[in-house]
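According to this note's numbering, the stretch in the sequence shown is residues 121 to 432, in order.
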Amino acid sequence: MKRLALIGLVLALSFSFTACDNGKNNDSSSSNSSDSNSISGDISDGISDLEPSSSDSSESSSSDSAPSSQTANTKPADLDTAVLNSLDNTKKGWGQGVNKDESNRPTGCLQYQDLYGKYDAYFIEKQEKVIYLTFDEGYENGYTSQILDALKEKECPAVFFVTYDYVNRNPELVQRMIDEGHVVGNHSWSHPSMPTVSIDEAKDEIMKLHEFVKTNFGYEMTLFRPPMGEFSERTLALTQQLGYKSVFWSYAYADWDPDNQIGTQQAYEKVTSAEHEGAIYLLHAVSKDNAEILGRVIDDMRANGYTLKALQ
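Now the structure itself:
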């Protein structure tokens, strides 16, 4: 009996030690699992802002639909609304004015360049013998092909600022602009006065067209021209946050009304008499005068020692 009691005592102690060891192992496993989940969660949170989840990726790769906004838009997705809300949103209209310095440069452009250059806004470029031709394309009036022909003949680059309506209605002309080495710029989705819309709406005006052009042409725009030249400090900062430069102009004239053209000779004299270093010309492609004088204008600028470049 004593031997059986002793054997029983040994067995009981053995079970007790085993249970203690298992309890310790279970506690350790639970703790490690908890720490692992916490670290993994932190990493997942960080990655989720950069790329879609695996399930999203598989759906995207198996679909023939257009790329999502995450895929199409490589520009910043988020705005610093706190900064934007702190900035003045008073609407300002832009025109180069009539006062000029000794180099024929509009003094208003120089002043605004100093004020707003910090937002990647361009009213005039550096003082060097360079002129930049830009064309606004709100709608097609039958002259863009003629303008492109003249630019091709003269081997002259230019920037074309387009709206959604223009791109949607004239894809072959936009493709030609790209194929012939010109720069296509963003002139907004629906051509609103940017300071009159909300921050989210202003973002959409730029980024919806950005994504549309990138999806349909494989082309990523980087230049924005505010509709009607209307802006505020807030909208300039918003445009910059979206990875764009705001492009205004240092010369423009009343060429936008097809029914009120001034004639080719007067238009030629107006355009060429305004030449100055770092000039950013705004011309409207709906103008018959512009289409007919463009080749002569380019020749005159070059004869006066200017190099013609495209803004980048």
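Think of the CB as a built atom: it goes at the ideal place given N, C-alpha and C, for glycine as much as any other residue.
Computed from a predicted model, the values in this text were never measured in an experiment.
Query, Result
"What's the C-alpha gap between V279 and E273?", "16 angstroms"
"When you compare the CB positions of L431 and Y252, do they come within less than 7 angstroms of one another, or not?", "yes"
"Taking the alpha-carbon of S308 as reference, which of D320, P347, T342 and G301 has the nearest alpha-carbon?", "P347"
"Check each candidate in Y388, P378 and V203 and name the one with the smallest Cα separation from G262.", "P378"
"Have a look at the DSSP bridge pairing and note the partners of P315.", "Answer by DSSP bridge pairing: none, since P315 is not bridged."
"Determine the DSSP secondary structure at K330, reduced to helix, strand or coil.", "It should be pointed out that residue 330 corresponds to His in this sequence rather than to Lys. Helix."
"Under 7 angstroms between the Cβ atoms of T210 and S313?", "no"
"Which residue from A423, I418 and L402 puts its Cα closest to that of G215?", "L402"
"Could you spell out where the alpha helix (DSSP H) holding V203 opens and where it closes?", "T201 to N205"
"From the DSSP output, in three-state form, read off S393 for me.", "helix"
"With distances taken Cα to Cα, identify the nearest neighbour of I443 among V333, N288, K328 and F344.", "In this structure the chain extends from 121 to 432, so residue 443 is not present and cannot be described."
"Among L358, D256, E331 and Y339, which has the Cα closest to the Cα of A433?", "Nothing can be reported for residue 433: it is not among the residues displayed for the chain, which extend from 121 to 432."
"Nearest to A387 by CA position, among V367, R225, V203 and Y371, is which residue?", "Y371"
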